[in-house]
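Each remark here refers to the structure printed beneath this line.
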Ligand code: AP5
Ligand code: MG
Ligand code: ZN
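Rendered as structure tokens:
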């Protein structure tokens, strides 16, 4: 099963993608997490991506597409995957479709986690992220067991560099301009499913598992 997560920054794509990946035994592939891991490790890719990410801009398609195609070609992806944060532009979606078509495959579901902009800024300022394993928490709604420490791997939790309010505004603008058109794109293909992302995490997950079966 090949699943794409759509939704604004902070809508809960990562939170839900992790749960889906676990339940259905699929790899969770977040381009944002891959970029952040590269930044943390000081790679060339990380240096290049950081220039864009810190401004709330998208990393150029060329760089992102190459990275993603390499990742989905790996052995663990042969039964499917959950893509979180990719595609994010129409050209990215077209490349993915073309690659899948070569293999006689297609995207099965594009799950749109719908959250209005008003709710987003609050979610971002309370988010704490683990840069080692990609786990995400919220200081009020989804706190870790021990403050500042990842439940999963024990690493220190941080506020992401791009979660400052001014950057969040910019990310929302970029989302509406470049990523939201994907909702129509997948609707036309008949694979779009929307869920109310303002509900508590477990309820959102319940709605998604009803769709995925
Ligand atoms: P990326 O890492 O993908 O960031 P994003 O899309 O902005 O999304 P977020 O990760 O911020 O939010 P999320 O929807 O995963 O929400 P989360 O589950 O954390 O990308 C970062 C940057 O990398 C981009 O800006 C771009 O520069 C670059 N990039 C990445 N992919 C790219 C691509 N394909 N092309 C070009 N550039 C790319 O939840 C948010 C918070 O809310 C958390 O604190 C969480 O605990 C909490 N929460 C979640 N669900 C609920 C709930 N139901 N109720 C209450 N709180 C909740
Ligand atoms: Mg995320
Ligand atoms: Zn962790």
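Residue numbers (our numbering): 10 to 222.
Beta carbons: idealized from backbone N, C-alpha and C, even for Gly.
Values in this document were obtained by computation on a predicted structure and should not be read as measured data.
Residue i to residue j span [Cα, whole Å]
i	j	result
residue 218	residue 44	28 Å
residue 176	residue 94	17 Å
residue 216	residue 30	15 Å
residue 151	residue 165	16 Å
residue 41	residue 61	12 Å
residue 82	residue 155	37 Å
residue 76	residue 208	33 Å
residue 199	residue 35	22 Å
residue 53	residue 143	20 Å
residue 51	residue 140	13 Å
residue 181	residue 88	33 Å
residue 148	residue 210	14 Å
residue 197	residue 157	43 Å
residue 131	residue 113	42 Å
residue 19	residue 133	6 Å
residue 67	residue 26	20 Å
residue 74	residue 97	10 Å
residue 32	residue 214	10 Å
residue 159	residue 153	6 Å
Outcome for residue i when other beta-carbon atoms lying within 10 angstroms are tallied against a minimum of 16
i	result
residue 161	exposed
residue 129	buried
residue 174	exposed
residue 12	buried
residue 205	exposed
residue 171	buried
residue 107	exposed
residue 22	buried
residue 78	exposed
residue 65	buried
### Task
Run through the segment 10-48 for me and flag every whole beta strand (DSSP E) of 3 or more residues, listed as ranges in chain order.
Listed in chain order, the beta strand (DSSP E) elements of length 3 or more contained wholly in the segment 10-48 are 11-15, 37-39.
### Task
Check each residue's C-beta against every heavy atom of ligand 3 and list, in chain order, those closer than 5 Å.
This selection yields 139, 141, 142, 144, 159, 161, 162, 164.
### Task
Can you check the segment 129-178 for any beta strand (DSSP E) of at least 3 residues that lies completely inside it and give the ranges in chain order?
Restricting attention to beta strand (DSSP E) runs no shorter than 3 residues, the segment 129-178 encloses them at 136-139, 145-147, ordered along the chain.
### Query
For the segment 51-99, which segments carrying the alpha helix (DSSP H) assignment without a break, of at least 4 residues, lie completely within its bounds, in sequence order?
Annotation: the segment 51-99 contains the following complete segments of the alpha helix (DSSP H) (minimum length 4 residues), in chain order: 53-62, 70-81.
### Query
Is the segment 113-132 close to the segment 13-33, with three or more CB pairs under 8 Å?
Counting Cβ pairs under 8 Å, three or more are found: they touch.
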